[in-house]
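Trainee: Each residue of the sequence shown is one higher than the one before, counting from -14 in this note's numbering.
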Amino acid sequence: MTPHDPILCARNIGMIFPGGTIALDGVSVDVGPREFLVILGSSGAGKSTLLRMFNRLGTPTSGSIIFRGRDITHAGGGTLRDLRRQVGMVFQQFNLVGRLSVLENVLCGRLRNCTGLARWAGSHARWFSAADREAAMAALTQVGVAHLAGRRADALSGGQQQRVAIARTLAQAPSVVLADEPIASLDPKSAETVMDILRDIHIEKGLPVVANLHQVDVALRYATRIVGMRAGKIVFSAAPAELDASAIHLLYQGRRHVESAPEVVEPAA
């Protein structure tokens, strides 16, 4: 690979669920090494299915997934585990263990660096090395919740839980970050904070970020490129400045997408 080659590629991906529902229909898209790529579309467009293919949380019915120049469409075993260490995933519903502390949840992102007893008792911070704890605290600091390290995860607000989930992803030192509807369950202020964190990760760490969104205004503010999906197909792919009214109409076909979007306020100068 050269520094300019895409880090992730979908090649003519098709996905048909049991019962015959077509979730993806001939989807091809590249993720560049310096992109903040937003996949935009309404619910049911196929955004989450595509993102899960990138992390091999699902296997496409047809087509191929390429990571760093390697076909990982049917990867399994150690190859698949290594892939998921490199392709970080942030979920809409956070996927934290509520009874564990914030720090313990983030340390789960370091399990790839642990052996023996630590793998069996990975939910207990004392089994992790000082380097692991330092990395976890650094990740919590980056997302602004280091002061909550000792608190139970289920005692946090939704916005705080999503920040912890991002910290857990950062702790695994990924090569790319995938975020599946990361602000769908959040209030407007928390949504803005989470999107700012993802943008900071993209800029400061030089990590490509792929985020699924349905809010046009948020996509326009944060994306370096927007891919629009409708009914399992890509119908738009261009810079945010090119997303005009006709493209939005094509994506949403009259759906009331703007009313469902959190209001993202521009920061004061």
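All C-beta atoms in this analysis are idealised placements derived from N, C-alpha and C, irrespective of residue type, glycine included.
From G213 to G135, what does the alpha carbon distance come to, in whole angstroms?
Mentor: About 40 angstroms.
Trainee: Measure the beta-carbon distance from L(-7) to V16 and round it to whole angstroms, keeping in mind my assumption that it falls under 8 angstroms.
Mentor: At roughly 4 angstroms, the Cβ-Cβ gap stays under 8 angstroms, so L(-7) and V16 are in contact.
Trainee: DSSP on L22, reduced to helix/strand/coil?
Mentor: Looking at L22 - three-state DSSP - the assignment turns out to be strand.
Trainee: Using a threshold of 8 angstroms, state whether the C-beta atoms of T154 and G63 are closer than that.
Mentor: For T154 and G63, no; Cβs fall outside 8 angstroms.
Trainee: Restricting to Cα atoms, I'd like to know which of A223, L235, H187 and V220 is closest to E20.
Mentor: The shortest C-alpha separation from E20 is found at H187.
Trainee: Here's the rule: buried if 16 or more other CB atoms are within 10 angstroms of the residue's CB, otherwise exposed. What is A204?
Mentor: Buried, because 16 or more other Cβ atoms sit within 10 Å of the Cβ of A204.
Trainee: With burial defined as no fewer than 16 other Cβ atoms inside 10 Å of the residue's Cβ, what is the status of H59: buried or exposed?
Mentor: By the 10 Å Cβ count, H59 comes out exposed.
Trainee: Output yes if chain C places a C-beta closer than 8 angstroms to the C-beta of G191; else output no.
Mentor: Here chain C cannot be found, since the structure has a single protein chain.
Trainee: Which of helix, strand or coil does DSSP assign to S114?
Mentor: In this structure, S114 counts as coil in the three-state DSSP scheme.
Trainee: Using 8 angstroms as the Cβ pair cut-off and three pairs as the minimum, do the region 84 to 99 and the region 114 to 133 touch?
Mentor: Judged by Cβ distances under 8 angstroms, the region 84 to 99 makes contact with the region 114 to 133, as three or more pairs qualify.
Trainee: Compute the distance between the beta-carbons of N197 and D172, then report whether it is under 8 angstroms.
Mentor: No, the pair does not count as a contact, with Cβ atoms beyond the cut-off.
Trainee: Using three-state DSSP, classify K190 as helix, strand or coil.
Mentor: The answer is coil: DSSP assigns K190 none of H, G, I, E or B.
Trainee: Do S27 and H199 have their C-beta atoms within less than 8 angstroms of each other?
Mentor: For S27 and H199, yes; Cβs fall inside 8 angstroms.
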